[in-house]
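Engineer: Position one of the first sequence corresponds to residue 10 (this note's numbering), numbered consecutively onward. No residue lacks a Cβ here, since even glycine has one placed at the ideal position from N, Cα and C. None of these values were measured; they are calculated from a predicted model. One structure is given below, represented as structure tokens, and several questions about it will come after.
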Amino acid sequence: MTNKDLADLLFPNINKTIEDYETIYPKRNLDTDAIVTRYAPSPTGFIHIGALLAAFVGGAFSRQTNGVFYLRIEDTDTKRTIDNGISLIINGLKEFGVTFDEGPIDDNNSVGNYGPYIQSERKEIYQTYAKHLVELGLAYPCFCSEEEIENIRNIQAHRKARIGYYGEWAKCRSLSIEEACEKIKKGEKPVIRLRSNGDYDNKIICHDEIRGEVAFPENDLDIVIIKSDGLPTYHFAHAIDDHLMRSTHIIRGDEWLSSLPIHLQLFDMLGFERPKYAHISPLSKIDEETGNMRKLSKRKDPEAAMSYYHELGIPYEAVVIYLATIASSDFEEWMMQNPDKSVNDFKFDFSRMSKSGALFDLDKLNNICKNYISTLTAKELYDKVKTYLLEYDEDFYKIFTEDEEYSCSVLNIERNSKKPRKDIGKYSDVYENVYYMYDSLFEPKYENLSLNADMYIDYIENGFNVETENWFNDISEFARKYNYVSMKEYKNNPLEYTGNISEFCEGLRYIVTGKTQTPSLQEILTILGKERVLKRLNNYKDISKRS
RNA sequence: GGCCGGUUGGUGAAAUGGUUAACACACACGCCUUUCACGCGUGCAUUCACGGGUUCAAAUCCCGUACCGGUCACCA
10 MTNKDLADLL FPNINKTIED YETIYPKRNL DTDAIVTRYA PSPTGFIHIG
60 ALLAAFVGGA FSRQTNGVFY LRIEDTDTKR TIDNGISLII NGLKEFGVTF
110 DEGPIDDNNS VGNYGPYIQS ERKEIYQTYA KHLVELGLAY PCFCSEEEIE
160 NIRNIQAHRK ARIGYYGEWA KCRSLSIEEA CEKIKKGEKP VIRLRSNGDY
210 DNKIICHDEI RGEVAFPEND LDIVIIKSDG LPTYHFAHAI DDHLMRSTHI
260 IRGDEWLSSL PIHLQLFDML GFERPKYAHI SPLSKIDEET GNMRKLSKRK
310 DPEAAMSYYH ELGIPYEAVV IYLATIASSD FEEWMMQNPD KSVNDFKFDF
360 SRMSKSGALF DLDKLNNICK NYISTLTAKE LYDKVKTYLL EYDEDFYKIF
410 TEDEEYSCSV LNIERNSKKP RKDIGKYSDV YENVYYMYDS LFEPKYENLS
460 LNADMYIDYI ENGFNVETEN WFNDISEFAR KYNYVSMKEY KNNPLEYTGN
510 ISEFCEGLRY IVTGKTQTPS LQEILTILGK ERVLKRLNNY KDISKRS
């Protein structure tokens, strides 16, 4: 019996050859420096902010080199796959401006000539290559049970030996073809392992675009390439897919760096040209319990999930700007010099990407958000807030959208100037900033009821003039009638006056808005209009009388 | 524990052997101002994890130590 017989017995239904696939998926016809890369998530329903970062960076590199950016779904772990996982990923990333040239476009359809782009649909391809390796004697079936593997691990740990299925520990490696065939015929379901040709004592130099040269021992582990369910492991699928889909660069999280020797070995044994690798440093935070730095965790940190930003109404444009800031050390400076350009115009360079993991800084993000929102027009902000409220605050949505023009005028307060306000950092902040401009939401609980409402009624009825540009001069003038004077005068002789103009304004602001801090009083009064302001003043008067 | 990587202020970081270690965020104070926010200004690392070495000269090169991170699955 030969390896060929073993391979046929293992994969009786595989009839294609590896040459067939080389023909089906020819080399791409692109510029020599074009970057073909991919985003390859598992459809688990959760998108990590670090994954967004990798996707964003990958998309940027391919775009700036006229390359290809495609989506590949890694659903070989059937236990973790969820039903609408694919559309969740596509829609989730689209919101953050990440789109693909090839790959699935919804749960059932794909575009591109290098598909299928869903790994579970590529089973035959992986098995063809696995069969090929078995035929060459470069891979073999392993019948060890999980318990046996566990047992080996325990012994190794006990003896302080290196852990893993390798060398003399790799029992099934030395099984004869006949023995293997017999087990298969008896119905045992093996995994397929690589017959590693690596020597642990040999160092290999791996090149990473971000980290430079990294030295590793060669891989001598007989890693599993096909699981007992017939699907490939990540390592094997990576090699097959990225070769056949003709990726030039593998841009991924740094948790993969230590498997680089395995991947390089796989490419070599399969006769594939090696792609280039770029491992992105993890996004971290300080663990409150230990005080140590650690990777942003799906379970512990809400900000690790992309949905967090969606739910709080954090502008996706700002998130992307922040990620670019972290990803490339020269981005911020570039953005300051090119205020009119989009993030997508920035040219990324691997040499500007950090080798060490950055602490995820929500303060910095918040600052970017505020700056970003301050650049929007009232109408742009209105539309974004509307979209947000529709999903998360139905009650306010109704009130907010009842009169678009009015809401826009509210959002426009101190917006149309050279120095626009920067007090809104996320769409969920808007309510707190504007609610008092809507009568149905204005229910002030006054704590200070000693203000002179009649004085302000007098002002609104006889002194307030919307049209005047010299609003402040006018109100200052009027306030004199009640013995409120300018700051300067008041400071010189505090005992002679009732108060200063600042106090006069503060009182009016407080009654009309229920708050001590608001944007421009003048604009608020103008938008509210005489009638509604008087109503609020009279209401205050009533309340203070009653108390 | 093995292997690999990282270490410049509270945070992100620049600097690639040669003046007072950029810039941004945060923080503090001041100015401006009807409040707040904005804007403007000032301050915030006597020093680049630590120890040694090379050099006229080191955050930058070399060696060692410490700490932190990642990884060691039929998960990706």
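Comparing alpha-carbon positions, which option in P503, I249, E342 and L102 lies nearest E61?
Structural biologist: Correcting the residue identity first, residue 61 is Leu in this sequence and not Glu. Nearest option by C-alpha distance: L102.
Engineer: Alpha carbons only, please: which of L292, I433, E505 and T137 is nearest the one belonging to A16?
Structural biologist: T137
Engineer: Using 10 angstroms around the beta-carbon of F473, count the other beta-carbons present and answer buried if the total reaches 16, otherwise exposed.
Structural biologist: Under this definition F473 is a buried residue.
Engineer: Buried or exposed: E83, going by 16 or more other Cβ atoms within 10 Å of its Cβ?
Structural biologist: Residue burial annotation: E83 is buried, with at least 16 other C-beta atoms found within 10 angstroms of its C-beta.
Engineer: State the Cα-Cα distance for the pair L18 and G262, rounded to the nearest angstrom.
Structural biologist: Each residue's Cα considered, the two are about 38 Å apart.
Engineer: Is the Cβ-Cβ distance between S363 and P429 less than 8 Å?
Structural biologist: no
Engineer: I'd like to know if the stretch 141-153 and the stretch 224-235 are in contact, where contact means that at least 3 CB-CB pairs between them fall below 8 Å.
Structural biologist: yes
Engineer: Does the Cβ-Cβ distance between P453 and G538 come in under 8 Å?
Structural biologist: no
Engineer: Locate the beta strand (DSSP E) running through K304, then write down its first and last residues.
Structural biologist: M302 to K304
Engineer: For a quick check, are the C-beta atoms of L80 and P113 less than 8 Å apart?
Structural biologist: yes
Engineer: With a CB to CB cut of under 7 Å and the five nearest residues on each side skipped, what residues in its chain are close to V419?
Structural biologist: V443, M446 and I536
Engineer: Name the DSSP bridge partner or partners of F78?
Structural biologist: T46
Engineer: Note down, in chain order, each residue of its chain lying with its Cβ closer than 8 Å to the Cβ of R202, except the 5 sequence neighbours on either side.
Structural biologist: A148, Y149, P150, C151, Y174, A179, C181, R182, D231, I232, V233 and I234
Engineer: Is the beta carbon of I377 sitting closer than 8 Å to the one on I330?
Structural biologist: yes
Engineer: Please name the residue in Q531, L321, E218 and D463 whose C-alpha comes closest to that of N479.
Structural biologist: Q531
Engineer: Is it the case that the stretch 265-276 contacts the stretch 243-257, given that we only count it when at least three CB pairs across the two stretches are under 8 Å?
Structural biologist: Taking 8 Å as the limit for Cβ pairs, the verdict is that the stretch 265-276 does touch the stretch 243-257.
Engineer: Is P50 near the ligand MN, going by C-beta to nearest heavy atom under 7 Å?
Structural biologist: Looking at this structure, you won't find the ligand MN or any other ligand, since it has none at all.
Engineer: Are L460 and G516 close, meaning C-beta to C-beta below 8 Å?
Structural biologist: yes
Engineer: Go through the stretch 139-183 residue by residue and report every complete run of the alpha helix (DSSP H) that reaches 4 residues or more, in order.
Structural biologist: At a cut-off of 4 residues, the continuous stretches assigned as alpha helix (DSSP H) that sit fully inside the stretch 139-183 are 155-167.
Engineer: How far does the alpha helix (DSSP H) with V328 in it extend, from its first residue to its last?
Structural biologist: Y325 to A336
Engineer: Tell me whether F409 is buried or exposed, calling it buried when 16 or more other Cβ atoms sit within 10 Å of its Cβ.
Structural biologist: buried
Engineer: Would you check if the distance between the CB atom of F359 and the CB atom of I219 is smaller than 8 Å?
Structural biologist: yes
Engineer: For N228, does the count of other Cβ atoms within 10 angstroms reach 16, so buried, or fall short, so exposed?
Structural biologist: buried
Engineer: Check the DSSP bridge columns for D217 and list the partner residues they point to.
Structural biologist: G221 and Y286
Engineer: Can you tell which of S416, H258, T85 and I510 has its C-alpha closest to the C-alpha of A387?
Structural biologist: S416
Engineer: What are the start and end residues of each continuous alpha helix (DSSP H) run of 4 or more residues lying completely inside the stretch 494-536, in chain order?
Structural biologist: 496-501 and 510-522
Engineer: I'd like the list of long-range same chain contacts for L546, defined as Cβ closer than 8 Å, with 5 residues on each side in sequence excluded.
Structural biologist: A462, Y465, I466, I469, I520 and V521
Engineer: So V200 is in the alpha helix (DSSP H); what residue range does that whole segment cover?
Structural biologist: V200 -> not in any alpha helix (DSSP H); beta strand (DSSP E) instead, spanning V200 to L203.
Engineer: Bridge partners for S119 per DSSP, in chain order?
Structural biologist: P113
Engineer: Within this structure, are the beta carbons of K36 and R255 separated by less than 8 Å?
Structural biologist: yes
Engineer: Report the residue from D404, V394, Y34 and S290 whose alpha carbon sits nearest the alpha carbon of R361.
Structural biologist: S290
Engineer: V66 and F357 - do their beta-carbons sit closer together than 8 Å?
Structural biologist: yes
Engineer: Determine the burial state of S449: buried for a count of at least 16 other Cβ atoms within 10 Å of its Cβ, exposed for fewer.
Structural biologist: Under this definition S449 is an exposed residue.
Engineer: Whose C-beta lies closer than 8 Å to the C-beta of S306 among residues of the same chain, with five residues either side of it excluded?
Structural biologist: A313
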